[in-house]
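Colleague: So the numbering used here is basically just the index in the sequence shown, starting at one, shifted up by 1. In this text, a Cβ means the ideal position worked out from N, Cα and C, and glycines have one as well. My questions will all concern the structure given below.
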Amino acid sequence: PWQRSLALFTILGVLVIGVFGGFNYRYALTFEPLFVVALFLFLHQAFEQFGHSLVQRRRYVLVLVGIAVLNTALAIDLRQRTKAANATFSSPDTEGGSLKERLDSSPQDLEGWLKGMGVAATDTVLVNNLPVWYYRTERPGIYYWCGSDQLFLQDGTPFLFHDRTDAEVATFLRDSLNCRYVFSTKELSTFAPRFQTFLEERCTLLGTEHRDHTLHRIDAP
């Protein structure tokens, strides 16, 4: 029956996300809509099983909805307070502009911006956790996440800084991976102090886009 199929799908999904979700904690929220709907369906069946009236069920559901709305309002208030206390904090619900502008934080003209910085179409770039690179350009890029220090290569996910000095990292990127540039944002770079220091001391900042995307050139050791 469909209930068993749904249960099997959910269990397999949880196992997959549990194994690979460490790359980004938000992966854990993938099944939130499913679990919320499942909770309401479970409560509906439970009320029916124990003989509660439809009015009682509706009251309980309204209480849950009210709690969810209150929780959302408190979360927004917390973000606004965080923004007021920390000028570098950014979030779609604390920034100005239209809803589209707040939700779409990608560069408006990534290709034009890169060309303006002198990056050739064939130059390989280290991309720090910015999938927009692959949606907006056809340029070669090496995906990397400084938060876990992982390079995502065809033959595996090795660490970049582990057991390497900054000079060795620069040499490895330039000579072994033929990579000359680093594409990131000010906010993402702060997730790893070692990575941020590398950008400051072993790279040259070529430009900062108006949405805080940064492009660095890796200096020769």
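1. Please classify Tyr145 as buried or exposed, where buried requires at least 16 other C-beta atoms within 10 Å of its C-beta.
2. Quick one: using the 10 Å Cβ neighbour count with 16 as the cut-off for buried, is Val17 buried or exposed?
3. Quick one, are the C-beta atoms of Leu207 and Met118 less than 8 Å apart?
4. Suppose you measure from the CA of Asp167 to the CA of Glu202; what does that come to, to the nearest Å?
5. Nearest-angstrom Cα distance between Leu200 and Arg218?
6. Are there 16 or more other CB atoms within 10 angstroms of the CB of Arg1, so buried, or fewer, so exposed?
7. Do you know how far the Cα of Asp176 is from the Cα of Ala76?
8. Hey, Ser107 and Arg137 are a contact pair by Cβ (cut 8 Å); roughly how many whole angstroms apart?
9. Just to confirm, is the Cβ distance from Lys187 to Asp220 under 8 Å?
Modeller: Taking the geometry as given:
1. Around the beta carbon of Tyr145, a 10 Å sphere encloses 16 or more other beta carbons of the protein chains shown; the residue is thus reported as buried.
2. When all chains shown are included, Val17 counts as exposed.
3. Taking a C-beta distance under 8 Å as the contact criterion, Leu207 and Met118 qualify as a contact pair.
4. Answer to the nearest angstrom: the Cα atoms are 9 Å apart.
5. Approximately 9 Å between the Cα atoms of the pair.
6. Residue 1 cannot be examined here, being either before or after the span of the chain that is shown, 2 to 222.
7. Distance between the alpha carbons of Ala76 and Asp176: 47 Å.
8. 7 Å between Cβ atoms; contact.
9. No, these two residues do not count as a Cβ contact at 8 Å.
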